[in-house]
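Structure first, then comments.
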Amino acid sequence: MLTLAYLPIVAFVIIVSFELFWPRSTDARSDVHRWLSNIALYITNKFGSRGIYLLLLAGGMKINGAQSATDDGLLKAASITLAVLVLFDVLDYAKHVMLHRVPFLWRFHQVHHSDSKLDFTSQFRFHPFEMLLSMTLDVSLILLLDIPVYAITAVALIGLTWGMFQHANTHALKGLDRYARLLLVTPNLHHTHHYTDAAAANKNFGVIFSVWDRLFSSYLSPGSLTLDTPQYGVIGLNDKGNLNPIDLLILPFQASNTVTQVGLDRDQSPIKRLNKKS
Ligand SMILES: [Zn+2]
Ligand SMILES: [Zn+2]
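Below, the structure is given as structure tokens:
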């Protein structure tokens, strides 16, 4: 477990190196305003929603009397961790679909999508309310199933690492992408989810495993798209330029905010329609 604790740090160094030496786009590099907004939201979530999450978890575990269960044995611990990873991944898939389908929830999730360029810092761009909602569901499931602490910690570290990687501005592992995305949500796959075009953005909801998108018909292969220069972000928000942290926090509550991807289908898409090769 101690080794796994270093995973996000090692991954951070690798991802930053990938972005520096094999960038997908050089556009996202010097955008200090974006970085500041993303880091500000990260800090807000770290000390706000995350703090409440830990309190809920600690309080609940005290009631449940759950222990760390480090003496489960390697095989059993690995099996439980894998099962928890799969369980939370399908839950994350379902949450993500709802965040796009329900207009009220989309108001908050659009903060994540409002990043007009993508790099690993986009992983931290979430509205605190979305984090709180998501964590409340997670904590409820953890307490209900009495999931061991080591499995929760491992899954959280893997999730953080994968989140930074799938948003990364890099082409470093491009050659492996078509094989990896048979099972995993690769950067290439997740980047299509951030396109302004609703036909692409309302696909590929998976977080770690791509199997849920394939199973529930929301999979869109990046290879089937022929967009010349795809744009990232949200239609109607990109024109406003870089949104500062305050803008992002109040964005869901603005009465004038009619920006939505909900309900937009391919025919209504105001941006260039997606062309399929076949
Ligand atoms: Zn989304
Ligand atoms: Zn994303």
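Note that the working numbering numbers the sequence shown so that position 270 is 335, with each residue one more than the last. Cβ atoms here follow ideal geometry from the backbone N, Cα and C, with glycine treated the same way.
Residue i: CB within 7 angstroms of a non-hydrogen atom of ligand 2
i	result
Ser-187	yes
His-177	yes
His-232	yes
His-161	no
His-255	yes
His-174	no
His-259	yes
Residue i burial status per 10 Å Cβ neighbour count (16 or more: buried)
i	result
Thr-235	buried
Leu-85	exposed
Ile-207	buried
Ala-263	buried
Leu-280	exposed
Tyr-215	buried
Leu-106	buried
Val-299	buried
Phe-153	buried
Ser-179	buried
Pro-350	The question about residue 350 has no answer here: the residues shown for the chain are numbered 66 through 343.
Ile-108	exposed
Tyr-71	exposed
Ser-343	Unreliable positioning characterises Ser-343 in this predicted model, as indicated by a pLDDT of 34, which lies under 50. The coordinate reading is nonetheless provided below. It is exposed - the Cβ of Ser-343 has fewer than 16 other Cβ atoms within 10 Å.
Residue i versus residue j: straight-line alpha-carbon distance, rounded
i	j	result
Gln-188	Met-229	5 angstroms
Leu-150	Ile-315	33 angstroms
Thr-261	Thr-186	19 angstroms
Ala-131	Val-97	With a pLDDT of only 46 at Ala-131, under 50, the local geometry of the prediction cannot be trusted, and the value read off the model is given with reservation. If you take the alpha carbons of Ala-131 and Val-97, they lie about 44 angstroms apart.
Asp-330	His-161	The pLDDT assigned to Asp-330 is 43, lower than 50, so where the model puts this residue is not dependable; a value taken from the coordinates is nonetheless given after this. Going from the Cα of Asp-330 to the Cα of His-161 covers about 18 angstroms.
Phe-83	Ala-237	6 angstroms
Ser-181	Tyr-297	5 angstroms
His-259	Ala-143	33 angstroms
Leu-248	Ala-219	20 angstroms
Ile-80	Gly-306	26 angstroms
Asp-312	Ser-102	9 angstroms
Lys-239	Asp-203	33 angstroms
Asn-309	Gly-138	48 angstroms
Leu-302	Leu-140	49 angstroms
Asp-184	Trp-87	12 angstroms
Leu-210	Arg-99	39 angstroms
Tyr-244	Ser-275	12 angstroms
Leu-197	Lys-111	11 angstroms
Asp-304	Arg-246	32 angstroms
Thr-294	Ser-283	23 angstroms
Pro-168	Thr-201	20 angstroms
Residues of its chain near residue i, where Cβ-Cβ distance is below 8 angstroms and the 5 sequence neighbours each way are ignored
i	result
Pro-73	Leu-222, Leu-225, Thr-226 and Met-229
Leu-164	Leu-170, Trp-171, Phe-173, His-174 and Glu-195
Ser-90	Lys-182 and Asn-234
Ile-104	Thr-186 and Phe-189
Contacting residues, own chain, Cβ-Cβ under 6 angstroms from residue i (five flanking each side not counted)
i	result
Lys-341	Because Lys-341 carries a pLDDT of 43, less than 50, the predicted location of this residue cannot be relied on, and the following value inherits that uncertainty. Hits under 6 angstroms: Ser-289.
Pro-252	Gln-231 and Ala-233
Tyr-158	Phe-270, Gly-271 and Trp-277
Ile-145	Ala-216
Asp-242	Thr-251 and Asn-253
Cutoff 7 angstroms; reference residue i; Cβ partners in own chain excluding five residues on either side
i	result
Phe-173	His-192, Phe-194, Glu-195 and Pro-317
Ser-427	An answer regarding residue 427 cannot be provided, because it is not within the stretch 66 to 343 covered by the chain.
Leu-285	Thr-257, Ala-265, Lys-268 and Asn-269
Ile-212	Val-149
Ala-76	Thr-226, Met-229 and Phe-230
Pro-177	The sequence shown places His at residue 177, rather than the Pro named in the question. So the list reads Arg-190 and Phe-191, once near-sequence residues are dropped.
Proximity test, residue i beta-carbon vs ligand 1 heavy atom, cut-off 7 angstroms
i	result
His-236	no
His-192	no
Leu-164	yes
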